[in-house]
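Novice: Take this structure, written in structure tokens, and hold onto it; I'll ask about it next.
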Amino acid sequence: MTNQHPNQNSKPNANRRIAIIGGGPGGLTLALILQRHGIESVIYEREPVESNRDHGGSLDIHEDSGQLALKEAGLLEAFQAIARYEGEDFLLVDKNGTTYRKEVAEGDKKGDRPEIDRGSLCELLLSDLDPSRIRYGFKLIEAISLEDGRHELRFENGHIDTVDLVVGADGAFSRIRSLLTESAIEYSGLSMVELNVEDAAKIYPDLYAYNGRGKMFALSDNKAILAQLNGDGRIKVYLSFRADRDWLDTNGIPLDQPAEAKRMLLNYFDDWDDKLKNYIRYAGDRIIPRRIYMLPVGLTWTSRQGITLIGDAAHLMSPFAGEGVNLAMLDASELALSLVRNEDLCEAVREYEKKMYGYSSQSAKDSDENLKLIFGDNAAEKLNELFDRLQQHA
């Protein structure tokens with residue numbers, strides 16, 4: 124903890140300048156809950172315009188985290204009206220097409236993890252946020268700690284702001300994180316190639332029927348074909364490989380030549396069931412390489428005045444706990460409510476961070492263990508057994 128400055132800490136929350144770096148779901152949720160409590164904040168987003176629709180696919184929003192945050196933001200009912208409860212369908216198979224698990228959402232029965240596309244979620248959050256609270260085209264270059272506990276933010280466009288609290292909601296490659304910890308992101312050992320099967324129900328009804336209305340996991344040979352139906356009718360596909368960090372650069376697959384790239388990708392799944400290979404055959408021309416990174420499991424740091432992190436900036440993990448966006452929104456809610464409760468800014472940040480470490484470290488541990496299981500031997504069988512155990516203890 125750095126030296127506290129009584130004048131700074133005693134300033135009423137409503138008069139403090141709070142900057143949020145990053146306009147994803149976490150940053151938007153934080154700004155919106157603060158707005159509801161009459162606390163000013165500004166989001167600095169590096170993209171020139173709202174672009175969340177282009178980042179990520181369908182998200183399952185959990186009852187005990189993401190939905191709690193939406194309730195604090197006053198948007199739970201609006202979310203429930205547009206969420207896809209049928210998106211909870213799940214199919215688990217191995218490379219031969221052997222089915223280990225098939226879950227189908229029941230009619231009007233509403234589960235606790237409905238789906239929504241990332242773009243639709245961000246549009247929902249933006250719909251209630253004062254537009255003056257978000258500034259697009261502000262790429263942070265540097266954040267400088269000042270002696271009085273504030274931070275000076277310098278942006279690529281020349282803008283400079285001095286704030287009482289800066290919140291890093293800027294994701295995996297956060298520029299704020301290094302002010303709090305020397306820990307850096309690590310390559311998880313997993314690389315993906317993202318494909319998209321457009322308008323699947325109309326153009327490829329066979330694949331649509333096979334995939335179902337939610338997710339499909341095909342697991343074998345330390346590889347996976349992971350697919351999810353999005354709200355716009357596309358099936359987003361992730362071909363996933365245990366590989367060295369430089370594999371995406373050295374495998375010789377010409378991602379800018381879709382026909383040849385798909386032919387070569389099919390070779391990696393040559394002995395897989397034909398229905399599974401259709402996820403590659405039917406894909407469009409947009410092919411995106413992705414490396415999966417993570418922060419050390421259980422990462423903590425010494426709390427400092429005027430700065431903290433939420434979401435992937437704080438606890439980046441692989442997607443195999445399904446908690447990424449949910450934790451970002453829960454972080455936002457916990458931090459916002461801590462700022463509402465505490466006039467002392469340092470105490471507000473400490474209280475939030477202590478609580479966040481508890482739930483995020485468990486999710487990071489689960490995510491790491493699930494990654495190892497899903498890309499290990501007999502993965503489909505073992506994942507099915509894990510689901511059975513979880514259901515027995517639910």
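Under this note's numbering, the sequence shown is numbered contiguously, ending at residue 517. All residues carry an ideal CB built from backbone N, CA and C; glycine is no exception. What you are looking at is a predicted structure, and each value in this text was computed from that prediction instead of being measured.
(1) If you count every other CB in all the chains shown that lies within 10 Å of the CB of D435, and 16 or more means buried, which is it?
(2) If you count every other CB in all the chains shown that lies within 10 Å of the CB of S250, and 16 or more means buried, which is it?
(3) Tell me, please, which residues DSSP counts as bridged to G291.
(4) Using the DSSP secondary-structure output, state which residues sit across from H274 in a beta bridge.
(5) If you draw a straight line from the C-alpha of E270 to the C-alpha of L244, how long is it?
(6) For M339, which residues of its own chain have a beta-carbon under 7 Å away from its beta-carbon, when the five flanking residues on both sides are left out?
(7) Per DSSP, what kind of secondary structure is Q351 in: helix, strand or coil?
(8) Rounded to the nearest angstrom, what separates Y331 and K225 at their Cα positions?
(9) Identify the residues that DSSP records as bridge partners of D240: which are they?
(10) Apply the 10 Å Cβ neighbour rule to L494 and answer buried if 16 or more other Cβ atoms are within range, or exposed otherwise.
(11) Got a sec? Which residues, its chain only, sit under 7 Å from T152 by beta carbon, not counting five neighbours each side?
(12) If you compare alpha carbons, which of R300, L389, M479 and F392 is closest to G421?
(13) Cα-Cα, which of N353, S343 and E383 is closest to D394?
(14) Excluding five sequence neighbours on each side, which residues of the same chain lie with their C-beta closer than 7 Å to the C-beta of R363?
(15) What residue does the alpha helix (DSSP H) around E309 start on, and which one ends it?
(16) With the cut-off set at 8 Å, would you say L388 and I411 are in Cβ contact?
(17) Kindly list the residues whose CB is nearer than 8 Å to the CB of Q127, restricted to its own chain and excluding five residues on each side of it in sequence; keep chain order.
(18) Can you name, in chain order, every residue of its own chain whose Cβ lies under 6 Å from the Cβ of D235, other than the five neighbours on each side?
(19) Any chance the region 318-338 sits against the region 431-445, with 3 or more Cβ pairs inside 8 Å?
(20) What do you reckon, are the CB atoms on K262 and E279 nearer than 8 Å?
(21) Residue range of the alpha helix (DSSP H) that F202 falls in?
(22) Buried or exposed for R207, going by 16 or more other Cβ atoms inside 10 Å?
(23) Can G220 and L399 be called in contact, C-beta distance under 8 Å?
(24) Whole angstroms is fine: what's the gap from E305's alpha carbon to L450's?
(25) Assuming the contact rule is C-beta atoms closer than 8 Å, I283 and I144 should be a hit. Round their C-beta distance to whole Å, please.
(26) I'd like the list of long-range same chain contacts for E170, defined as Cβ closer than 8 Å, with 5 residues on each side in sequence excluded.
(27) Would you report the Cα separation of A228 and E209, rounded to the nearest angstrom?
(28) Let me check understanding here. Comparing Cα to Cα, which of P237, F202, R473 and T222 lies closest to S181?
(29) Quick one: residues in its chain with C-beta nearer than 7 Å to the C-beta of E383, no 5 flanking neighbours on either side, listed in chain order?
(30) Using the beta-carbon count (16 or more within 10 Å), is P328 buried or exposed?
(31) By a C-beta neighbour count over all protein chains shown, 10 Å radius and 16 as the cutoff for buried, is N130 buried or exposed?
(32) Which residues mark the beginning and the end of the beta strand (DSSP E) in which I415 is found?
(33) Between R386 and G375, what straight-line distance do the alpha-carbon atoms span, to the nearest angstrom?
(34) To the nearest angstrom, how far is it from the Cα of H516 to the Cα of D372?
(35) By DSSP, does M124 sit in helix, in strand, or in coil?
Specialist: In this structure, then:
(1) buried
(2) exposed
(3) I144 and L432
(4) S268 and V286
(5) 39 Å
(6) L214 and A350
(7) strand
(8) 15 Å
(9) S181
(10) L494 counts as buried, since no fewer than 16 other beta carbons sit within 10 angstroms of its beta carbon.
(11) A192, A196, L248, M452, A455 and S456
(12) Of R300, L389, M479 and F392, the residue nearest in Cα terms is M479.
(13) If we check each option's Cα against that of D394, S343 comes out closest.
(14) The residue you asked about is not Arg; residue 363 is Ser in the sequence shown. Answer for S363: L313, M315, K346, A347 and L349, listed in chain order.
(15) No alpha helix (DSSP H) contains E309, which is instead part of the beta strand (DSSP E) from E309 to V320.
(16) no
(17) For Q127, the pLDDT reaches just 39, beneath the cut-off of 50, and the residue's location in the model is therefore unreliable, leaving the point undetermined.
(18) E186
(19) The region 318-338, when compared against the region 431-445, does not touch it at the 8 Å Cβ threshold.
(20) Judged by their CB atoms, K262 and E279 are nearer to each other than the 8 Å cut-off.
(21) L199 to I205
(22) buried
(23) yes
(24) 22 Å
(25) With 8 Å as the limit, I283 and I144 do not qualify as a contact, their Cβ atoms being about 14 Å apart.
(26) G146, Y259 and G260
(27) 5 Å
(28) Nearest option by C-alpha distance: P237.
(29) P377
(30) When all chains shown are included, P328 counts as exposed.
(31) Its pLDDT being 43, under 50, N130 is placed unreliably by the model, and the measurement read from it follows with that caveat. Classification for N130: exposed.
(32) I411 to M417 is the extent of the beta strand (DSSP E) around I415.
(33) 12 Å
(34) Cα to Cα, the separation comes out at about 43 Å.
(35) Confidence at M124 is low in this model, with a pLDDT of 35, below 50, so its placement is unreliable and no value can be given for it.
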